[in-house]
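A quick write-up on the structure given underneath.
Numbering (full-length UniProt numbering), first residue to last: 1 to 210.
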């Protein structure tokens, strides 16, 4: 019989998050995907001790869920050879770069030197403590990657506190003042320029002859 907060053995489709441990704002989130209801229940029960778990029975349900929310870990066990699980992990990690993927398979011929090597693998049968430890380490790795990415984004972002360039008003104040166009001289054309009042006019030719 399933305990409180665990996924019932007869459940179908995607199930909401559940946890057997104390609530915590720092708990990691994991999606468990398995088409075997009994195996899905066993895996989710083990991981729910330390993580918030959402379960799915098909790849389509998992992708729909992942497109709407972010998780720290995607734990997949689909198909006896692990091929279907690898394809799901590839698509899931494309949706969220840096998210860790864990493939659970019973295939002893699984080769980590092939395409699947970018995902972590756990062979059946597995120990519950081993699964819990590996899942936590992978979730922590995801959190670390996101922290580094967030720091990188903040460093690369433009500095809004940088001093603004001088305004056009300051530039105009610093430039030499010119005569306003609206204050032109009212002298008629052809008149001699005005002289200062304290400077006597030059003697005329008549005065010079005297």
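From the three backbone atoms N, C-alpha and C, an ideal C-beta is built for every residue, glycine too.
Do residue j and residue i come within 7 Å of each other at the CB atom, strictly closer than that value?
i, j, result
"residue 55", "residue 32", "yes"
"residue 76", "residue 88", "yes"
"residue 138", "residue 102", "yes"
"residue 136", "residue 34", "no"
"residue 253", "residue 104", "Since the displayed the chain opens at 1 and closes at 210, residue 253 lies outside it and no answer follows."
"residue 93", "residue 142", "no"
"residue 131", "residue 46", "yes"
Exposed or buried, what is residue i when buried is set at 16 or more other beta-carbons lying within 10 Å of its beta-carbon?
i, result
"residue 152", "exposed"
"residue 52", "buried"
"residue 59", "buried"
"residue 68", "exposed"
"residue 48", "buried"
Quick check on residue i: does DSSP put it in helix, strand or coil?
i, result
"residue 47", "helix"
"residue 98", "coil"
"residue 41", "helix"
"residue 127", "coil"
"residue 152", "helix"
Taking the alpha-carbon of residue i as reference, which of the options has the nearest alpha-carbon?
i, options, result
"residue 107", "86, 148, 158 and 37", "86"
"residue 128", "43, 37 and 35", "43"
"residue 61", "91, 39, 125 and 140", "91"
"residue 147", "97, 57 and 37", "97"
"residue 119", "125, 73, 126 and 155", "73"
"residue 39", "126, 71 and 70", "126"
"residue 145", "36, 41 and 71", "71"
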